[in-house]
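Chains as they are written, first to last, in the working numbering: chain A, 149 to 356; chain B, 15 to 97.
Beta carbons: idealized from backbone N, C-alpha and C, even for Gly.
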Amino acid sequence: MTEVAAVRDEAAMIAAILAGDQRQFHELIRPFERGVYRMALSMLRNEAEAEEVAQEAFLRAFRNLSKFRADSKFSTWLISITLNEARSRLRRQKTVKIESLDGADDEQGHVTPALLRDWREIPSEVLERGEVRSILRRAIEELPEIYREVFVLRDEEEMSVQEVADMLELSVSAVKVRLHRARLMLQKRLVPELKSMNLTKRGWLAWF
Amino acid sequence: MVLECKHVWDHISGFLDGTLEPEVLEQVRKHLEHCELCSAILDSTRNILVLTADDRVFELPVSFSERLHARLDAEMGLSGRDG
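Right, dumping it as structure tokens:
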């Protein structure tokens, strides 16, 4: 999640809110709206449901603010609430089918990465194209849930492996294994798709 | 000991996170020096992580913030009355 500038004194804001200045909650959460929504969307894979889950998570955080303990980061606490909201929503969806990506639900075996000639540079302009953003989103959404959770927490929300392990109640080594597989699954899934996009007109072919 | 490509792939994630044991790291480094294929796989994996971490990938829906803060206002109004 976004690093918060040192001028923000979250502990003081939280104390003020608990003392009755509830309006400060608006300011407290503003830097985290995107991260919470992103977490919810990656889990739910549906924008309307993700927005509901994000709202529920912020409401729950507001109602339970007195339970927040300063020994964890406020952003981590929010993400953990969001994860729980998303998981319980997913459990309620009886229609959710068992997903798989190349039969990769088990944690055995190798993921063979996609072979490619060269992609040495980051063409960050590539993200100006909605098409690229949507294939990235889709690829993340297609990861099996156990890999998606780890990937989203570590590589989108930028939590440490230890923090991810604590939040998901997994061992550090289990997090590392899942993270590795998630990343290679994404590489395998995305590289051919990015290559197949007609990027030549804008001169991006050299990157793929 | 010389690593084969498929064994190097097992360490790509650890390499990116800097969590490899020193001796494994050294073997992976040596392999990457002369293996263009594994270097390209490493680069593409790293690039994909950079792309997926970009805020533009998951954009907030239009008026997301307005709806969220309106709902919070409603909640605060309630708790204000209760309290």
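- Rounded to whole angstroms, the gap between the alpha carbons of A/Ala160 and A/His328 is 39 Å.
- In this structure, the straight-line span from the alpha carbon of A/Glu317 to that of A/Glu297 is close to 12 Å.
- The beta carbon of A/Gln310 does not come within 8 Å of any beta carbon belonging to chain B, so the residue lies off that interface.
- Among the CB atoms of chain B, one or more fall inside 8 Å of the CB of A/Arg186.
- Each residue's CA atom was taken as its position, placing B/Asp69 and A/Tyr295 some 21 Å apart.
- Here A/Leu291 carries a coil assignment [DSSP, helix/strand/coil].
- For B/Thr59, the enclosing alpha helix (DSSP H) has its first and last residue at 50–66.
- The closest CA to that of A/Arg178, considering only A/Arg156, A/Arg237, A/Asn194, is found on A/Arg156.
- Beyond the five residues adjoining it in sequence on each side, B/Thr59 comes within less than 6 Å, by CB distance, of Ile26 in the same chain, given in chain order.
- For B/Val16, the closest Cβ of chain A is not nearer than 8 Å.
- Comparing alpha carbon positions, the residue from A/Asp314, A/Gln172, A/Arg193, A/Leu291 closest to A/Gln241 is A/Arg193.
- Straight across, the Cα-Cα distance linking A/Val320 with A/Glu306 is about 15 Å.
- Of all residues in the segment 52–83 of chain B, the ones placed with a Cβ closer than 7 Å to any Cβ belonging to chain A are Ala54, Ile55, Asp57, Ser58, Thr59, Asn61, Ile62, Leu63, Val64, Leu65, Thr66, Ala67, Asp68, Asp69, Arg70, Val71, Phe72, Leu74, Pro75, Phe78, Ser79, Leu82, His83, in chain order.
- The CB of A/Arg156 never comes closer than 7 Å to any CB in chain B; the least such distance is about 18 Å.
- In this structure, A/Arg237 sits away from A/Glu181, with a CB-CB distance that is not shorter than 8 Å.
- Secondary structure of A/Lys221 (DSSP, three-state): coil.
- Not flagged as an interface residue toward chain A: B/Glu37, since no C-beta distance is shorter than 8 Å.
- Fewer than three Cβ pairs drawn from the segment 45–59 of chain B and the segment 166–178 of chain A lie within less than 8 Å of each other, which leaves the two stretches out of contact.
- Ranked by Cα distance from A/Ser190, the first of A/Arg337, A/Ile288, A/Leu226, A/Val312 is A/Ile288.
- Contact of A/Arg286 with chain B by beta-carbon distance below 7 Å is absent, the smallest such distance being about 11 Å.
- In the three-state scheme derived from DSSP, where H, G and I count as helix and E and B as strand, B/Val16 is classed as coil.
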